[in-house]
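Report on the following structure.
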Amino acid sequence: MLASITSVELCKSSSFNQLSGLFSIPSDIGNCSMLRVLKGGRNNFKGPLPDELFNASSLEHLSFPNNDLNGVLDDANIIKLSKLSILDLQQNIFSGNIPKSIGQLKRLKELHLGENYLYGELPSTLGNCTNLKILDLKINYLSGDLGKINFSSLSNLMIIDLLVNNFNGTIPESIYDCTNLIALRLSWNKFHGEFSHRMDRLRSLSCLSVGWNDFTNITKALYILKSFSNLKTLLLGGNFNHETLLADETMDGFENLQYLEISGSSLHGKISLWLSKLTKLKVLQLSNNQLSGSVPAWINSLNFLFYLDISNNNLTGEFPTILTQIPMLKSDKRTNLDVSVPNMRFYGIPFIKNRQYQYIHTTINIAKNGFTGAIPPEISQLKALDMLNLSFNSFSGETPQAICNLTKLVMLDLSNNNLTGTIPLELNKLNFLSAFNVYNNDLEGAIPTGGQFDTFDNSSFTGNPKLCGGMLSHHCNSARALPSPTSSTDQFGDKVIFGITFGLFFAYGVLLDQMVLKRLRSLQGILIFQLYEQS
Numbered sequence: 001m002l003a004s005i006t007s008v009e010l011c012k013s014s015s016f017n018q019l020s021g022l023f024s025i026p027s028d029i030g031n032c033s034m035l036r037v038l039k040g041g042r043n044n045f046k047g048p049l050p051d052e053l054f055n056a057s058s059l060e061h062l063s064f065p066n067n068d069l070n071g072v073l074d075d076a077n078i079i080k081l082s083k084l085s086i087l088d089l090q091q092n093i094f095s096g097n098i099p100k101s102i103g104q105l106k107r108l109k110e111l112h113l114g115e116n117y118l119y120g121e122l123p124s125t126l127g128n129c130t131n132l133k134i135l136d137l138k139i140n141y142l143s144g145d146l147g148k149i150n151f152s153s154l155s156n157l158m159i160i161d162l163l164v165n166n167f168n169g170t171i172p173e174s175i176y177d178c179t180n181l182i183a184l185r186l187s188w189n190k191f192h193g194e195f196s197h198r199m200d201r202l203r204s205l206s207c208l209s210v211g212w213n214d215f216t217n218i219t220k221a222l223y224i225l226k227s228f229s230n231l232k233t234l235l236l237g238g239n240f241n242h243e244t245l246l247a248d249e250t251m252d253g254f255e256n257l258q259y260l261e262i263s264g265s266s267l268h269g270k271i272s273l274w275l276s277k278l279t280k281l282k283v284l285q286l287s288n289n290q291l292s293g294s295v296p297a298w299i300n301s302l303n304f305l306f307y308l309d310i311s312n313n314n315l316t317g318e319f320p321t322i323l324t325q326i327p328m329l330k331s332d333k334r335t336n337l338d339v340s341v342p343n344m345r346f347y348g349i350p351f352i353k354n355r356q357y358q359y360i361h362t363t364i365n366i367a368k369n370g371f372t373g374a375i376p377p378e379i380s381q382l383k384a385l386d387m388l389n390l391s392f393n394s395f396s397g398e399t400p401q402a403i404c405n406l407t408k409l410v411m412l413d414l415s416n417n418n419l420t421g422t423i424p425l426e427l428n429k430l431n432f433l434s435a436f437n438v439y440n441n442d443l444e445g446a447i448p449t450g451g452q453f454d455t456f457d458n459s460s461f462t463g464n465p466k467l468c469g470g471m472l473s474h475h476c477n478s479a480r481a482l483p484s485p486t487s488s489t490d491q492f493g494d495k496v497i498f499g500i501t502f503g504l505f506f507a508y509g510v511l512l513d514q515m516v517l518k519r520l521r522s523l524q525g526i527l528i529f530q531l532y533e534q535s
């Protein structure tokens, strides 16, 4: 009976329920000589792949992602599965080298070995997998020069994902023969050099992620990439150290770009005018540079922009009121915002993931600059805003009551400024406010109570010696303390639990979703936002 089985799926349902009582893959599955499809993702399987499994030589699809499988991938076993079209063992604990016999899987179309503990160089035999369309080796300890792989023979490749490894050298010239590529992710490796003009051949690219390497000559890179009409996501941060951001006002191209990140590069110059021509831009991430000047008036002409991070630069002037005119942030209906994305697991921007979809938080982050003056009441126009970070500037005056109208706020950071007066009491009616910080200002009076304010840590209010109440040691005089408006707990919707883990700075190239990864490798220089929807 076993011999006649052609397909087995060891997964109870799409809701990722784990199989009860099974901790290792049944060895007698190898007796299914006609078995073509074997799937067993997300089942908490442990131990190595049983040797008997490789006797099922008719297998075309072998998939056990997101388990606790370990051991090495044995050359002698892999070679038995010569009919494999899909091999998916990502998100396990496999170690060792990628076997050389992988090159004998001539029918292989998809190879998913990402998020394991694999090390060593890629076998040159990989170039024999001429039908390969997806090469996913992200988040391992793989190393060496990719020039040893003949990518010219892999012309069917559509996705190359080598994110977070230890590859070095320059991008191999042969990779530019993979003209069907739609996604190339090389971020967080040790590549260096300038972009080659041959990259111009990759006109099908929709996503290019090369951040956090050691590339140089940003001007050349942008001129090469500007004609990529299909490019929607461009992640360049952590390269081009101390260069100058291109200021050519005649610069054009990038007509379909939606996500642009050039952060963590200590770039000089101003926020360039050519960026105003990126009319489809949704996310602009220019943080952790040395850009100077003011926020340009054209920023509100980007009709689809809903995420702006220009923090940790040398920008100056009074609060840029032009930010309150960004169209997508003024909409008071979430349904009007197209903020859903297909896969934000490694985009370094805050997002919420639930059972059905994930979406980016609408954000304005202008922290760590030299802005001065009062926070204007026009801030109330940003009705769609989820996250507002004004920290580490020199804002003064009182916190405007109008900020209480931002009913969708999840995070509000006003810390390290020169704000005076009281904390607006109506802030305790912001039911989704999960992170709040006014540390180190000159605020006074009673800390609001009730609502979300009962959940905030004492450290959110310290550095304001005139504040009283809450969990502070300075208790308010009951005769002077202002009453807080009542707020019925039944007004609260589902809470979004917002956890923030701080590294040295915000790195757009990598957001490691803890719901997806079983381990979080220590990556210097990352600010990781983790958002979880409470069930």
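At position 444 of the sequence shown (counting the first as 1) the number is 444 in full-length UniProt numbering, and the numbers step up by one without a gap.
Built from N, CA and C at the ideal position, the CB exists for glycine as well.
Values in this document were obtained by computation on a predicted structure and should not be read as measured data.
In whole angstroms, what is the alpha-carbon distance linking S415 and S143?
Rounded to whole angstroms, S415 and S143 show a C-alpha spacing of 42 Å.
Express the C-alpha separation of T250 and M515 in angstroms, rounding to a whole number.
Confidence in M515 is poor, its pLDDT being 25 and thus under 50, which makes the residue's placement unreliable; the coordinate value appears in the next sentence. One C-alpha to the other measures close to 44 Å.
Do L163 and K138 have their C-beta atoms closer together than 8 Å?
The answer is yes: Cβ separation under 8 Å.
I want to know whether the region 167 to 181 touches the region 222 to 229 - three or more CB-CB distances under 8 Å.
Using a Cβ-Cβ distance cut-off of 8 Å, the region 167 to 181 and the region 222 to 229 are not in contact, since fewer than three pairs of beta carbons, one from each stretch, lie closer than that value.
Since I believe F371 is in contact with T316 (beta carbons under 8 Å), could you give me their beta-carbon distance rounded to a whole number of angstroms?
The pair is a contact, with the Cβ atoms about 7 Å apart (cut-off 8 Å).
What is the residue span of the beta strand (DSSP E) that K383 lies within?
Per DSSP, K383 belongs to no beta strand (DSSP E) and is neither H nor E.
Between I171 and S196, how many whole angstroms is the CB-CB distance? I'm expecting something under 8 Å.
Their Cβ separation, rounded to whole angstroms, is 7 Å, which keeps I171 and S196 in contact under 8 Å.
Segments of 4+ residues assigned as alpha helix (DSSP H) that fall wholly inside the region 128 to 155
If we require 4 residues or more, the region 128 to 155 turns out to have no alpha helix (DSSP H) run fully inside it.
Cutoff 6 Å; reference V8; Cβ partners in own chain excluding five residues on either side
L38, listed in sequence order.
In angstroms with no decimal places, state the Cα-to-Cα distance between H474 and L284.
Distance between the alpha carbons of H474 and L284: 42 Å.
Return helix, strand or coil for I379, following the three-state DSSP convention.
Three-state DSSP puts I379 in a helix.
Answer yes or no: does any C-beta atom of chain D fall closer than 8 Å to that of F191?
The displayed structure is made up of one protein chain only, and chain D is not part of it.
Which one of F453, F461, D386 has the shortest CA to CA distance from L443?
Among F453, F461, D386, the Cα nearest to that of L443 is on F461.
Quick check on the burial criterion: 16 or more other C-beta atoms within 10 angstroms. Buried or exposed for S57?
Result: exposed.
With the cut-off set at 8 Å, would you say I149 and G127 are in Cβ contact?
Yes, the pair counts as a contact, with Cβ atoms nearer than the cut-off.
If you scan the region 227 to 255 from start to end, which runs of the beta strand (DSSP E) of 3 or more residues do you find wholly inside it?
Listed in chain order, the complete beta strand (DSSP E) runs (minimum 3 residues) inside the region 227 to 255 are 233 to 235.
Given a cut-off of 8 Å, decide if G30 and P50 are closer than it, judged by their beta-carbon atoms.
Yes. Within cutoff.
Going by the beta-carbon positions, is the gap between T449 and G463 smaller than 8 Å?
Cβ atoms of T449 and G463: not closer than 8 Å.
With distance defined between alpha-carbon atoms, name the residue in L146, T233, S101 nearest to E121.
That would be L146, whose Cα lies nearest to the Cα of E121.
What's the gap between the Cα of R42 and the Cα of S301?
So the two alpha carbons sit approximately 45 Å from each other.
Considering only residues of the region 367 to 455, which uninterrupted beta strand (DSSP E) runs meet the minimum length of 3 residues and lie entirely inside it, listed in chain order?
Counting whole runs of 3 or more residues, the region 367 to 455 contains the beta strand (DSSP E) stretches 370 to 374, 387 to 389, 394 to 398, 411 to 413, 418 to 421, 435 to 437, 442 to 446.
Taking the straight line between their C-alpha atoms, what separation do you get for L53 and D28?
Approximately 7 Å between the Cα atoms of the pair.
For Q91, does the count of other Cβ atoms within 10 angstroms reach 16, so buried, or fall short, so exposed?
So Q91 counts as buried.
From the DSSP output, in three-state form, read off D51 for me.
Three-state DSSP puts D51 in a helix.
Whole angstroms is fine: what's the gap from N70's alpha carbon to F94's?
So the alpha carbons of these two residues sit roughly 4 Å apart.
For I423 and Q325, the rounded distance between their alpha carbons
Straight-line spacing of the CA atoms in Q325 and I423 works out to 25 Å.
Buried or exposed (CB count within 10 angstroms, at least 16 for buried), A384:
Counting Cβ neighbours within 10 Å, A384 comes out buried, since at least 16 surround it.
Rounded to a whole number of angstroms, what is the C-alpha to C-alpha distance between G293 and F392?
Distance between the alpha carbons of G293 and F392 is about 17 Å.
Hey, would you say the C-beta of F436 is under 7 Å away from at least one heavy atom of the ligand GTP?
Absence of the ligand GTP from the depicted structure is noted, as is the absence of any ligand whatsoever, leaving it without description.
Between the CA atoms of N440 and N477 - distance to the nearest angstrom:
So the alpha carbons of these two residues sit roughly 22 Å apart.
Suppose you measure from the CA of Q452 to the CA of C404; what does that come to, to the nearest Å?
Using only the alpha carbons, I get a separation of about 13 Å.
How many Å lie between L467 and I262 at the Cα?
Distance between the alpha carbons of L467 and I262 is about 39 Å.
Starting from the C-beta of T335, find all residues in its chain whose C-beta is less than 6 Å away, skip the five residues before and the five after it, and write them out in chain order.
In this prediction, T335 scores a pLDDT of 47, lower than 50, which makes its location untrustworthy; the coordinate-derived value is nonetheless stated afterwards. So no residue of the chain qualifies.
Given E101 as reference, the closest of Y259, G114, Y119, S124 once Cα atoms are compared
Looking at the sequence shown, residue 101 is not Glu but Ser. Of the candidates Y259, G114, Y119, S124, S124 places its Cα closest to the Cα of S101.
On the DSSP bridge assignment, give the partners of T363 in chain order.
Per the DSSP secondary-structure output, T363 pairs in a beta bridge with Y307, M387.
Using only the alpha-carbon positions, how far apart do L181 and S204 sit?
Distance between L181 and S204, taken at the CA atoms: about 6 Å.
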